[in-house]
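J.:
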Amino acid sequence: MGAAALHAFWNALIRGAEDRVATTIAVAGGAAFVAVVVLPFMDQPARASWPFLVLSTVIHIISYLLTARAYHEADMTQVYPLMRGAAPLMTAFAAVLWLRETVPTMAWVGIAVISCGIGSLVLARHHNWSGKGVIYALVNALAIAGYSIIDGQGVRAAQAPAGYVLWVFLLTGTAMLAWNLALGRHAFAVRLAHHAWRGVSGGAGSVCSYGIALWAMTRVSIAVVSATRECSIVFGTLIAVIFLGERVSVRRVVATLCIVLGTALLRLS
Numbered sequence: 001m002g003a004a005a006l007h008a009f010w011n012a013l014i015r016g017a018e019d020r021v022a023t024t025i026a027v028a029g030g031a032a033f034v035a036v037v038v039l040p041f042m043d044q045p046a047r048a049s050w051p052f053l054v055l056s057t058v059i060h061i062i063s064y065l066l067t068a069r070a071y072h073e074a075d076m077t078q079v080y081p082l083m084r085g086a087a088p089l090m091t092a093f094a095a096v097l098w099l100r101e102t103v104p105t106m107a108w109v110g111i112a113v114i115s116c117g118i119g120s121l122v123l124a125r126h127h128n129w130s131g132k133g134v135i136y137a138l139v140n141a142l143a144i145a146g147y148s149i150i151d152g153q154g155v156r157a158a159q160a161p162a163g164y165v166l167w168v169f170l171l172t173g174t175a176m177l178a179w180n181l182a183l184g185r186h187a188f189a190v191r192l193a194h195h196a197w198r199g200v201s202g203g204a205g206s207v208c209s210y211g212i213a214l215w216a217m218t219r220v221s222i223a224v225v226s227a228t229r230e231c232s233i234v235f236g237t238l239i240a241v242i243f244l245g246e247r248v249s250v251r252r253v254v255a256t257l258c259i260v261l262g263t264a265l266l267r268l269s
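Under full-length UniProt numbering, think of the first position of the sequence shown as 1, with each following residue one higher.
This is the structure in structure tokens:
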């Protein structure tokens, strides 16, 4: 639950910014900064986990950029539930088919209920419904499922969950900063400086959120952790309505309650 709240927090920072691309990269850079500070005090991941780290870095970069594009096209109350809600179903199927994990029946019911709530949230057209936003969100959901599976295996091979997640964010943030500074140089540096506070706070929230989730993956199945984390949709909806001024319908409230029910079923499993 803590991971879910933190995830909704840093996504809201991006959605609420005027320059969402710069803010997204600032968040990635902030996460890299946190990693640099904390890594010396952590156990380092085993060599067996490094192939997972490299692949995860690539997918995380793609996911960050898709997040920025999705929030450029649509409201948080539309695309955030889709990005976070479609991912657990994809992750669960991949965990079963690829990793041969066993998922309890009640967990499958919970995942199905969550998915129904997500479908109800995003498929109802309203005044600011965006088809492009839906496409970006769905592709990002696939990316999220991809790095969830990869990192779930990587953190187990690493034998050091905290060290592994910090290296993921260090590599991701460093690569994104270096690439964009090389392209934009001084102009982009000014844009980043303007969003520095969002970067540091959002980066810290991002690292803590994903670190908690990966630690949990060493205790229970990847599919269950991934789906439970998606209760961030509830927090995200509340933040979008209260702080970002987005409107929410009764249908969206009911759909959000479905997500809460699905999360409860997952916990009971």
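Ideal placement from N, C-alpha and C gives every residue a C-beta, glycine not left out.
Since the structure is predicted, the reported quantities are computational estimates derived from the model, not experimental observations.
1. Could you tell me the alpha carbon to alpha carbon distance between Val79 and Ala158, rounded to whole angstroms?
2. According to DSSP, is Gln78 helix, strand or coil?
3. Rounded to the nearest angstrom, what separates residue 272 and Val134 at their Cα positions?
4. Answer yes or no: do Ala70 and Ala145 have a C-beta to C-beta separation smaller than 8 Å?
5. From Arg219 to Val190, what distance separates their C-alpha atoms?
6. Here's a check: name, in chain order, each residue in its chain whose Cβ is nearer than 6 Å to the Cβ of Gly117, leaving out the five neighbours to either side.
7. Assign Trp10 to one of two classes, buried (16 or more other C-beta atoms within 10 Å of its C-beta) or exposed (fewer than that).
8. Taking only three categories from DSSP, how would you classify Gln44?
9. Run the CB neighbour count on Met106, radius 10 Å, all protein chains shown included, and call it buried at 16 or more, exposed below.
10. Taking just the CA atoms, how far does Thr172 sit from Thr24?
11. Go ahead and label Asp43 buried or exposed: buried means 16 or more other beta carbons lie within 10 angstroms of its beta carbon, across all protein chains shown.
12. For the candidate residues Leu138, Ala12, Ala28, whose alpha-carbon lies nearest to that of Leu192?
13. Given a threshold of 16 other Cβ atoms within 10 Å of its Cβ, counted over all protein chains shown, does Val37 qualify as buried or as exposed?
14. Using only alpha-carbon positions, find the residue among Tyr147, Leu261, Ser206, Arg247 that is nearest to Ile14.
15. Going by C-alpha distance, which of Met76, Ala32, Leu177 is nearest Val248?
16. For Val21 and Ala74, I'd like the C-alpha separation in whole angstroms.
17. Please go through the UniProt domain "EamA" (2 to 119) and give each complete alpha helix (DSSP H) segment of 4 or more residues, from N-terminal end onward.
18. Where does Pro51 land, buried or exposed, given buried means 16+ other C-beta within 10 angstroms?
19. To the nearest whole angstrom, what separates the beta carbons of Ile62 and Ala175, a pair I think is in contact under 8 Å?
20. Can you name, in chain order, every residue of its own chain whose Cβ lies under 7 Å from the Cβ of Tyr147, other than the five neighbours on each side?
21. Does the Cβ-Cβ distance between Gly163 and Leu53 come in under 8 Å?
22. So what's Arg247 in DSSP terms, helix, strand or just coil?
T.: If we stick to the structure as given:
1. 33 Å
2. helix
3. Since the first and last residues shown for the chain are 1 and 269, residue 272 lies out of range.
4. Judged by their CB atoms, Ala70 and Ala145 are not nearer to each other than the 8 Å cut-off.
5. 43 Å
6. Ala255, Cys258, Ile259
7. buried
8. coil
9. exposed
10. For Thr24 and Thr172, the distance between alpha carbons rounds to 12 Å.
11. exposed
12. Ala28
13. exposed
14. When only C-alpha atoms are compared, the closest one is Ser206.
15. Met76
16. Straight-line measurement puts the Cα of Ala74 at about 14 Å from the Cα of Val21.
17. 2 to 15, 20 to 38, 50 to 73, 76 to 97
18. Pro51 comes out exposed.
19. About 11 Å; that fails the 8 Å criterion.
20. Ser56, Ile59, His60, Ser63
21. no
22. coil
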